[in-house]
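Protein chains in written order, with our numbering: chain F, 401 to 872; chain W, 401 to 872; chain P, 401 to 872; chain H, 401 to 872.
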């Protein structure tokens, strides 16, 4: 935590309004259509530092989720903040129609890395916000294939623009918004704790993948013309580790085998790394755990550590060369804005200078070991798993399997109430719930979390669990 | 210009690369799919301040376009920069699932303003980037109407996500990206200099609007069931002043009359103010010139003065109340990020404390008067028009009417070459070309541009014109 | 009428039910979703012959509409009936997977005719029912262009399958059936009596066509990429004379000029002759009046004189050769069923042996002259026009222009009541209403109608008009 | 066979052309886009009677397929032919806008039957051709649900209009025709011989159905909003016995269980009986074997015994009452044409007067027993199954399982060559191939086939098999 300034010393913008007054204002003028009102009484935070959020009373909340993994490098990271301020001093603004050095360097840094690690020449196209980068990837796919339909995973989440919603599994995101003529065909993800086919991992022999492969055996399964080997679906959108879906981790051999099937039928693999990229799983891209190079990678969030957003796609040269994806193919006002690129460049430098490939898995292993200890005490902790510092904890009934959404909700609420007392002072705990049955804590702590902070997190988690179980 | 720091004194990040080296890197690793390569040799800029961009040699470019109107309040505006830095010190990051004060205050500021000026209660839903806000507006429309098709204007531009491309007139943006089942029905905009119907403004009696109205006379015109008064099109997307389309300004009575037609058939009016909002035209929203309150307003760009992007929609209560647009309706990671809201709040304060309603039109009038003087000298200047500081200059053949794209291109290229000599030193001029025939300079100077800077702009413009005419 | 047997001598299937009992049964078990219940009390007919329908009381109804032109060659045409019966004796059934002589001969007859008259090699693909042939034409278009959107006319009607409804102008046909992602862009038809643009035919200089052409001038009009000359719309669906739309007749030079525009941008012209083909307008195809060869022709209805349905498309070789439209491209059980082909072949023989090119226009001129005489007496007859025996009469207010749907409805109802007394006995008159304002009688009498029968029709029409005017 | 006239005595239309000349003409003027050219040298037939087709040399072909079940009641069935001729004498034509007795009686006969047998009030909507009736059913579904997407079965076939192609499993039917925004979600059919999940029928416990049911367990499986219980898919299109898919027969308890799942989520069941209706399976509708009443039934083909086509839908009152499916909802020229209704009425009378419920299963059992005897001799006969007279025979490799398309193709070709010699004279055998792997003979013999003719069929089948096996 040494790298972040002590937030408590920061200048305070004086505010005359109480929380209640602010909430009243919010109830009147803010749309409730975002995710704030998933809970009954939303929290107002006013400061942040390292692993912590602070409310307006100064109560400290340990954050185990870090903005869905946008804040990998800790809140209020001085080095990254300074990079932003330097850019603000010099070139805070520039229309993306013109070039600036940081854009070029960041693209070179990202695409150069792929050249070295994956031996694959490609290019970077920037945008702002993950969904917009996702939309750009859809354009690349359609441009190449001349078809618009794609496969995607059950449990997959790719954003909320209309195009991204069409390939995000949950129907709830489409329900009220008319017809989605590009709805993906959703394929079971290898979520082995709750196998869609009721198989067990040790004996399944990747049955789920074989079922996918089977689709190509007869034209009557509806996806391929066996005479022309043209598939109705132009690409398969994957998250190597599912994000919103609940931090499910696929078996290690899964994606390489999947890619073979896709290659056989000229189907592109698009890898959405928006949540899992930039070492969240202990490797630069989560897909690197699976020995496979996707055709397109979509990234965002942590590239700027949750500051001025910048997102983008990397694509293989043949998909994105100026010849096929020429000037004016796509565009957005803030697509490669100079603050975002400066932040991204600093993040890339930090990554180069750090040893996250070792540190993140190490911290992850420790965290999991502590969670597994808890699991032994509490049968309600059904599944504990993780890759790097992407961790999942499923809250269940006593049988350790039946999903217990209520228990997870109660624990989240207790954590956010800021009334936990572990460690001798009133504290809060920031947890987030995901998963197919909304019973899974998806944890994405700061890469700079210390062992002591992990221990604190475990203690707070246990306190919340005990209190929730008491409520019954 | 007093409000902006002198960019020349800023710390300089040392860079070992020459422009040529950077361009080589860019050619290798950057996608050319954005708008950078619309010109043969793109400029690299490294600093900015007030109305000026600076290349790496220190050459000063007067910018008359200000990032498509994202930079209304000048580059490197100290007050706005300071607001950003304050927020970076205190709460640089916060997941949008939680509340922070600036978000609430900004929503209240924007929606409260509508309550006072338009006597219309509504709410704000934030997002990041104009296209994403536009997509949110499409969700609001579909949610309300249960139908997805909309009207939009020929010449209209609403962004580049797939959903926004479907309602943006230019087919080029859709051409390579598959089928667009929600393609808008494009209606002629009242672009009176080149009337779609060949009419003259002084005698047309809004013929174009009457033709639109005629569509509702018989079910056989294809848009309405006269028995049920249900229209196939749920909304009409408008830009009060067309942006990318070429800064066309509709006749003052146009939109009020249009709204009457739409209301008669329960068609929503969605007003895209992404480019023209925040006093670009001399009023807060451009639509305010037209005495009409749209049902939904979409905004972005200048709200943060081109810094950390934040965008949003304002919608009438009945369209966006929690009852119809409940929690989880839409969402994005950076949708109401704290840096963006802090910037927006500062911009709103500046607006409150300034007199842009007087200043902007005054500067606009002066600018136009100077352009009109030029027009008298050069028959190639076909049309000069403007609203506030949104100005348009059409470059034509000698007849003053036939579009002359080549002339505009040459002038832009000369301006960007940084070789103009007006005012005694080597300078550049930043112009941008838009319009149906790509022959129109769309000018959006800083609100803080001085009379001297306008004069300089006119001189540089004339020099570029003379040199371009010489090239023949 | 000599060619048709006397229907009154036919064997009568004894029926114990009264009309009332039948109507009661109908109200219980028949869907009312077809067009029967457009009128309050539908007629039950039990026999037909020549130009006449007979109800179960033997009341004779003169039919001036002949099943929307399906019955061109008269009801109960002995020669055609005999051809059917011959086929029933010999080869009444055969799966369309196998060949039979009549299919081949009919295709050769139709395509051979095009070779001779239009000097264009092509092929015939059969189907059953006009809509299905229309759907086949959409497949040919999409196969060729790789795009699905098309232009079609305001007032156009192409059928009621979902695909045909998408390109039929009236929204009412789509309103309750979800999203139509292939909705055509509807272009004003040159319906000169009520010009969409308010022009007059003698001075318009085909303004409507020029407005269509204008769409291709700028990419911002939304239909074309001027750099690639690719149009967003793959084809233009036309009816040379609009059918359901109200028997509007385009100016003679219209379609040749339109075809030039389309050819310039590689847009196919698809000519829907389902209602107007087979000499209804005095030429084999209605489009032959306009000196232009479409790329695809769709036909149906009268090919079998309203008997066992067969329909089809003719397409230019390059669009339909086995190379591009290979085995299994499309198919339907009854597509070239032997009874249909035998009937079609007989109709083609009758056409060859007759002189409809002279007879039909001659009868049409006489009919129009009689209608024009009526028009002089009754200002409510607004427009009288016709091509061959496709005739239109617009019922208006006294001003001769304002559409008077009520008057037309009343006249139709009086005609169908079977209570007219012209000619000394109780008679009925079968009229059908079409047109953009549902005030137009579209008349399509039998080709064998005699001068006496035309006179009778005029008298009955006048009687109905007088009675309707009295009702007020 | 006593009921059909001896086709050999029929009048012969003299034809001067040889088969070769006709084929040459066909190659020039006929589209090859239908299914004729699935074989290299298509047969030309010129007469038919009972179970037989005759080519122009008088060679007799025993037809075991009967026009994909359109010819249930035998070719050239005198009674049915006479009904047609009676109608041709009396009311051969009538616009479907007017009523005629046969239409009402036929609707009453069909809907009345549902009232008696299924205790369900409903109505009939007629059309022409199965695909058009299918399109009408899509309209009923969309009208009711306000959504357009549907489930359908892998292996399902519902026609070739664009709308029907979207819900037909084979991608080949969509491949060249643009984007299909209403593509169904295809679900595995219980094709137990080749279970999609690799299960065995005796132990599977309807695993496939449970997998379908599982989709509704979590919103992340992509089909349902569990909060609102709204499913993204409005209906499930089923064939109780798959037709083109290969005459697969579902387990008896399957559809009742499926209907329970659908009812739970307000999903309509639409039963496509176009091929299997009218006692093909030994019951009026094939679905009657499964103790379930669908919400909509689509029918066609055999209703007119392959003569003048008429098709239709039956729907439950709440889906089709005039209140929800009012006048003008859909329509086609030939939708309830008098020849078709007269034929349908005669077929309904024959059905009433016959005992097909006993006769058809009895003949089917005999046929199957003979096929099973063959199966014992030839391991290449992999699966023999049947319901009523819908029979399936899968040709395989020696292992009795691996699909052997080549063997089936060769047998079909030998049968169609007309060179079999069983029974002492040169004969042909008409077989048709279907199934997921195109190795399945789908047999649909005439209901009037005699035991001797079945024996002949078996002998010819064996001869073809022996000759094909020799070819190797």
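We put the CB at the ideal spot given by N, CA and C, even for glycine.
Let me know the beta strand (DSSP E) ranges lying completely inside the segment 756-788 of chain F, each 3 residues or longer, listed in chain order.
781-787
So the beta strand (DSSP E) residue 447 of chain P belongs to, where does it begin and stop?
445-449
Which chain F residues are close to residue 614 of chain H, counting only those with a beta carbon under 8 Å from its beta carbon?
The answer, in chain order, is 596.
Within 7 Å (strictly less), CB to CB, does residue 579 of chain P reach chain W?
yes
When you compare the segment 699-713 of chain H with the segment 568-586 of chain H, are there three or more beta-carbon pairs, one atom per stretch, that lie closer than 8 Å?
no
Does residue 867 of chain W have its Cβ less than 7 Å from a Cβ in chain P?
So, not an interface residue.
So the candidates are W/746, W/848 and W/731; which of them puts its Cα closest to the Cα of residue 438 of chain F?
W/731
Going by DSSP in three states, residue 858 of chain P sits in which element: helix, strand or coil?
helix
So with CB distances below 7 Å, who are the chain F contacts of residue 554 of chain H?
620, 621 and 622
Could you confirm whether any beta carbon from chain W is found closer than 7 Å to the beta carbon of residue 709 of chain F?
yes
Using a threshold of 7 Å, state whether the C-beta atoms of residue 587 of chain F and residue 616 of chain F are closer than that.
no
Would a check of beta-carbon distances place residue 409 of chain H closer than 7 Å to chain P?
Note that residue 409 of chain H scores a pLDDT of 35, beneath 50, so its modelled location is shaky; the value from the coordinates is reported in the next line. Residue 409 of chain H does not count as touching chain P.
Report buried or exposed for residue 411 of chain H, applying the criterion of at least 16 other Cβ atoms within 10 angstroms of its Cβ.
Legend: pLDDT at residue 411 of chain H = 33, less than 50; position of this residue unreliable, value from coordinates given subsequently. Exposed is the call here.
Kindly list the residues whose CB is nearer than 6 Å to the CB of residue 545 of chain W, restricted to its own chain and excluding five residues on each side of it in sequence; keep chain order.
For residue 545 of chain W, the CB contacts under 6 Å within the same chain, skipping 5 residues up- and downstream, are 634 in chain order.
Just by C-beta distance, which residues in the segment 518-538 of chain P are closer than 7 Å to chain A?
Protein chains in the displayed structure are F, W, P and H, and chain A is not among them.
Expressed to the nearest angstrom, what Euclidean distance is found between the alpha-carbon atoms of residue 718 of chain H and residue 518 of chain H?
Computed Cα separation, rounded: 15 Å.
Taking the alpha carbon of residue 589 of chain H as the reference point, which residue from H/575, H/573, H/557 and H/561 has its own alpha carbon closest?
H/557
Please return the same chain residues whose Cβ sits closer than 8 Å to the Cβ of residue 817 of chain P, not counting the five positions on each side in sequence.
828
Whose CA, out of P/525, P/488 and P/521, lies closest to the CA of residue 503 of chain P?
When P/525, P/488 and P/521 are compared, the shortest CA-CA separation from residue 503 of chain P is found for P/525.
Going by DSSP, what residues sit across from residue 795 of chain F in a beta bridge?
F/781
Is the segment 667-684 of chain W close to the segment 488-506 of chain W, with three or more CB pairs under 8 Å?
no
Can a CB atom of chain P be found closer than 7 Å to the CB of residue 809 of chain W?
So no, residue 809 of chain W is outside the interface.
In whole angstroms, what separates the C-alpha of residue 889 of chain P from that of residue 480 of chain H?
Since the first and last residues shown for chain P are 401 and 872, residue 889 of chain P lies out of range.
I want to see whether chain F comes within less than 7 Å of residue 586 of chain H, judged by CB atoms only; does it?
yes
To test your reading of the DSSP string, which unbroken beta strand (DSSP E) runs of 3 or more residues are found completely within the segment 607-645 of chain W?
635-638
Is there contact here, the segment 805-815 of chain P with the segment 739-752 of chain P, by at least three beta-carbon pairs under 8 Å?
Short answer: they don't touch.
Quick check on this structure: which residue in F/624, F/578, F/680 and F/537 has the alpha carbon closest to the alpha carbon of residue 564 of chain F?
F/537
Which ranges would you report for the alpha helix (DSSP H) in the segment 553-579 of chain H if only whole runs of at least 4 residues count?
Counting whole runs of 4 or more residues, the segment 553-579 of chain H contains the alpha helix (DSSP H) stretches 562-566.
Using beta carbons (cut-off 7 Å, strictly below), is residue 837 of chain P in contact with chain W?
yes
Starting from residue 810 of chain P, trace the alpha helix (DSSP H) both ways and give me its first and last residue.
805-816
Between the segment 664-674 of chain P and the segment 436-452 of chain P, do three or more beta carbon pairs fall short of 8 Å?
No, because fewer than three Cβ pairs between the segment 664-674 of chain P and the segment 436-452 of chain P fall closer than 8 Å, the two stretches do not touch.
Measuring only the C-alpha atoms, how far is residue 416 of chain P from residue 533 of chain P?
40 Å
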